[in-house]
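Engineer: I have a structure I would like to understand better, so I am pasting it below and will then ask my questions one at a time.
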Amino acid sequence: MEGTDNNQFANQQDDFAFGRSNKGEADKKKKTADELAEERLKQTYNVGGGSKDNDDLKRKREDFAVQLRKNKREEMFKQKRAFTTEGQANTPNTQTETQSQQMVVGPQNQLSDDMLLQISVEDALMMIDRMSLEEFISQAQKMAFHIQDFQKLLQLIQDTLDAKVIFATVGFRRLLSQERNPPIQPVIDANLVPKFISFLQRADFPKLQFEAAWCLTNIASGQQEQVQVLIDKGTVNVLVELLNSPHLEVVEQAIWGLGNIAGDGAKIRDMVIAAGAINPISNILDRAQPGSSFVRNASWTLSNLCRGKPAPNFHAVKRAVPSLAKVLIENDVEDILIDVCWAISYLSDGGEERIPIILETNVVPRLIQLLQHPNIAISVPCLRTIGNIVTGDDDQTQFVINAGALEQLNSIIYHKKKTVRKEVCWSLSNITAGNPQQIQLCLDLGIIDKLINILINDDIEIKKEAVWAVSNSTAGATFEQFIVLVHKGILKALSATLKMRDARILAVALEGIDNILKSGQQHFPQRGQENQFTIELEMCGGLEEIEQLQTHPNHSIYERAMKLLVNYFEEQQDAGSGMVGIQSTAQNQFSF
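Mind the numbering: the sequence shown is residues 1 to 592 in the UniProt record's numbering, read in order.
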C-alpha cells in the first residue's frame, strides 16, 4: 500500500469490534453455528451425473446463489455488517460503537464518560473553543446522540468549520450505528451520501475520512435500493482509492464498506472487483498481523468478492488465492478461519485451471488438518475444497492423498453431522474414481467397507451421495479388486440402492453393477468358471431388483436394466442353474 508503513500493519491492534444491525430482529431466535453451516450447505449442494469415463466420474458442484437476507443480522455468515461496538445497551437512545479512540481531553476540560453520555449537542458545541480539535473529536465520539438531534446535525454538517463538520459526521455515524432502526433512509433522503463521499476525499483530514467511511459502511448494510444509491453516487471507486491511504483506520473502514457493498449481489460484486479492490486488499492481507482486525475485515470482504452466482471471473480474483492461503496457514481465530475457508472453497470451485493455483500455495496440509475442526462452519468448506481439488487428474488427486487426506476423511466418515458425512462421501467419490492404486488405498484403510455400510444403513440423503463413491470404485478397479469388493458386499449394497426411485441414483448403481459383472464375464471363463459375480448378484437379491426396473417410468433406466439382463442372464435357464431365463416377445418386451 503506497504511503503506508508496513510495520504499522504488524503493530496494529484489534481496535474495531464486529457488530451487527439486526433491523428489529433482536427477538428472533439465534441459530447455532451448526444450523447456520448446514443451512448454507443445503443452499449450495448440487452435484452432477455419472458416466463411464473416469473423467466424467469426477463431479463438480454447480455454483450457487447466495440469498442476501438483510433482516437476519444475527447470522454468523451474514454478507452485510453494520460497524458497531460491544458492551453498551442496545436501546434506541444508546448506540453501540467501536471504542477505537481514547478520550484525551485536557485535565481542566475533561468530562467523565457518564457526563458525556448526557451532554447535549448545544452544550458540546459550546466547548469548541475550549479544547483542541483532537480533544473535541474525542469527546464527540463518546457522546450519545439521539434521533431528535437529526436536524441539528444536518445544519452543522453544512458548516464551513471543520470542527462542526466532523462533530455532525460523528453524530450521524452514531445514529447509523444503532442496533434498532438506524435512520438509513432519512440520511439518504437528506442527500447526505454525496456529502459523505466528498469527505472521503479529504486526505488532509483522515479522521473525517474515517467517520464518513463508517457512515457509508452502515448505509451499505441496508436494503438493496439503499445500496444502489451508494453505487449511483460513485462510492465504490472512492473507497477503493482509500485502500492506498497511509492511515490504517481509514483503510480498514474502506475495506469494511466495500465488503458490505459487494455482499449485495453478483452484479455489484463484479463492479467492486472491476474497480480494482482485489489486489490492494490482498496486499493488505499479506502484511497484516495474524489475528488482527485487518485480517478479519479483509478476509471477510474477499469472501464476499469470491462468492455468488454466477461466480466471478477467476482471472479477476485469483490474486486473492495466495493471500487467503497465507492467512489460513497463520491464523487460528475461528471468525477468520470461517471466512477464509469459505473463500478458498469458492475459489476452488470451477474450471480445472484453478486447481494448480490452489496447490501451489501449499495450503492443502492446512485444509486437511482443519477437517478435524469441531466447528463444521470451518471443516465443511475445507471438505468442499478438498473435494474440488480431487476432481482434477490423478496426479492432483495423489497430491491430496500424499498430504494425508484419506486418513482424515476416514476418521470423520461416521461424523455425527449428516452434512459432514455427505461432504465426506462426495470427496471420496472423486478419489474412488481414480486409478487402481488410489482405489487400493481406500480398500486398505477400510474406507470402502464404511462406504458400503453407509450405503446400506444411513439416511437416504447420505445414501444418495455414498452410491457415487461406491459405484465409482468399479470404474477403475482391477479384477482382483473386484473380487475383494464383491466379498465386502458391494453387490448387496448396490442392489439395495435399486429400491430407490430416483432415476439418477438408479443409473449410478446400475453402472456399478454393470462394471462388476463385465469384469467377471471377462475373467472367470479364463479360469474355467462361470461368472461368479452373476451368481452373487442373484443370491443377494439384486437380480430381482433389476427385473422390477422393467416397469420403471424412466426409459433410460428401463434400457439399462434390460441391458444387464440380456448381457449376463439371457442364456441361463430356470430349470438349469436356478437363474431366471429371458424370452423375447414379438413386441420386443421381455417376460420371465
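Built from N, CA and C at the ideal position, the CB exists for glycine as well.
#1: Can you tell me whether residue 499 is helix, strand or coil according to DSSP?
#2: Check whether the Cβ atoms of residue 281 and residue 248 lie closer than 8 angstroms to each other.
#3: Over what stretch of residues does the alpha helix (DSSP H) that includes residue 390 continue unbroken?
#4: How long is the line joining the alpha carbons of residue 217 and residue 257, rounded to whole angstroms?
#5: How many whole angstroms separate the CB atoms of residue 230 and residue 193, which I take to be in contact at a CB cut-off of 8 angstroms?
#6: Measuring alpha carbon to alpha carbon, tell me which of 298, 152, 457, 518 ends up nearest residue 482.
#7: Leaving out five residues before and five after residue 384 in sequence, what residues of the same chain have Cβ atoms less than 6 angstroms from its Cβ?
#8: Determine the contact status of residue 432 and residue 469, defining contact as a CB-CB distance below 8 angstroms.
#9: Is residue 371 near the ligand COA, going by C-beta to nearest heavy atom under 7 angstroms?
#10: Taking just the CA atoms, how far does residue 297 sit from residue 611?
#11: On a Cα-Cα basis, can you pick out the residue from 412, 457, 380 that is closest to residue 447?
#12: Could you check where the alpha helix (DSSP H) with residue 292 kicks off and where it finishes?
#13: Between 327, 142, 350, which has its C-alpha nearest residue 339's C-alpha?
#14: Going by beta-carbon coordinates alone, are residue 536 and residue 486 separated by less than 8 angstroms?
#15: Specify the secondary structure class of residue 243 as computed by DSSP and reduced to three states.
#16: Expressed to the nearest angstrom, what Euclidean distance is found between the alpha-carbon atoms of residue 191 and residue 259?
#17: Less than 8 angstroms between the C-beta atoms of residue 614 and residue 392, yes or no?
#18: Assuming residue 272 and residue 236 make a contact with CB atoms under 8 angstroms, what is their CB distance in whole Å?
#19: Could you tell me how far apart the beta carbons of residue 293 and residue 252 are, in whole angstroms, since I believe they sit closer than 8 angstroms?
#20: Go through its chain and collect everything with a Cβ distance to residue 461's Cβ below 8 angstroms, but skip five positions before and after it.
#21: Go ahead and pull the three-state DSSP assignment for residue 26.
#22: Below 8 angstroms, can you find three or more Cβ-Cβ pairs linking the segment 399-415 to the segment 356-369?
#23: Leaving out five residues before and five after residue 449 in sequence, what residues of the same chain have Cβ atoms less than 8 angstroms from its Cβ?
#24: Can you check which of these residues, 552, 524, 541, is closest to residue 503 by C-alpha distance?
#25: In whole angstroms, give me the CA-to-CA distance for residue 206 and residue 435.
#26: Between the C-alpha atoms of residue 131 and residue 124, what's the straight-line distance to the nearest angstrom?
#27: Need the endpoints of the alpha helix (DSSP H) that residue 194 sits in, please.
Structural biologist: Checking against the coordinates, here is how it stands:
#1: Coil, per DSSP.
#2: Result no, Cβ atoms of residue 281 and residue 248 do not sit closer than 8 angstroms.
#3: Here residue 390 belongs to no alpha helix (DSSP H), and DSSP marks it neither H nor E.
#4: Rounded to the nearest whole angstrom, the C-alpha separation of residue 217 and residue 257 is 4 angstroms.
#5: Contact flag correct, Cβ pair sits at about 6 angstroms.
#6: The option with the nearest alpha carbon to residue 482 is 518.
#7: For residue 384, where only same-chain residues beyond five positions count, the Cβ hits under 6 angstroms are 345.
#8: A Cβ-Cβ contact shorter than 8 angstroms links residue 432 with residue 469.
#9: Among the components of this structure there are no ligands whatsoever, and the ligand COA is therefore not found.
#10: There is simply no residue 611 to check, as the chain begins at 1 and stops at 592 in what is shown.
#11: That would be 412, whose Cα lies nearest to the Cα of residue 447.
#12: Where residue 292 is concerned, there is no enclosing alpha helix (DSSP H), given that its DSSP letter is neither H nor E.
#13: Ranked by how close their Cα comes to the Cα of residue 339, the residues 327, 142, 350 have 327 in first place.
#14: Remark: C-beta atoms of residue 536 and residue 486 approach each other more closely than 8 angstroms.
#15: Correct three-state label for residue 243: coil.
#16: C-alpha of residue 191 to C-alpha of residue 259: approximately 23 angstroms in a straight line.
#17: Outside the shown range of the chain (1 to 592) lies residue 614, about which nothing can therefore be said.
#18: About 6 angstroms separates the two Cβ atoms, so the contact holds.
#19: Yes, they are in contact, since the Cβ atoms of residue 293 and residue 252 sit about 6 angstroms apart, within 8 angstroms.
#20: Excluding five sequence positions before and after residue 461, the CB atoms of its chain that fall closer than 8 angstroms to its own CB belong to 418, 422, given in chain order.
#21: Caution applies to residue 26, whose pLDDT of 31 falls short of 50 and renders its modelled position unreliable; the value that the coordinates give is listed next. DSSP places residue 26 in coil when its eight states are reduced to three.
#22: As far as the Cβ criterion goes, the segment 399-415 touches the segment 356-369, which means the pair count is three or higher.
#23: Closer than 8 angstroms at Cβ, skipping near neighbours: 488.
#24: It is 552 whose Cα lies nearest to the Cα of residue 503.
#25: Straight-line Cα distance between these residues: approximately 60 angstroms.
#26: Taking the CA atoms as reference points, residue 131 sits about 11 angstroms from residue 124.
#27: Start and end: 192-200.
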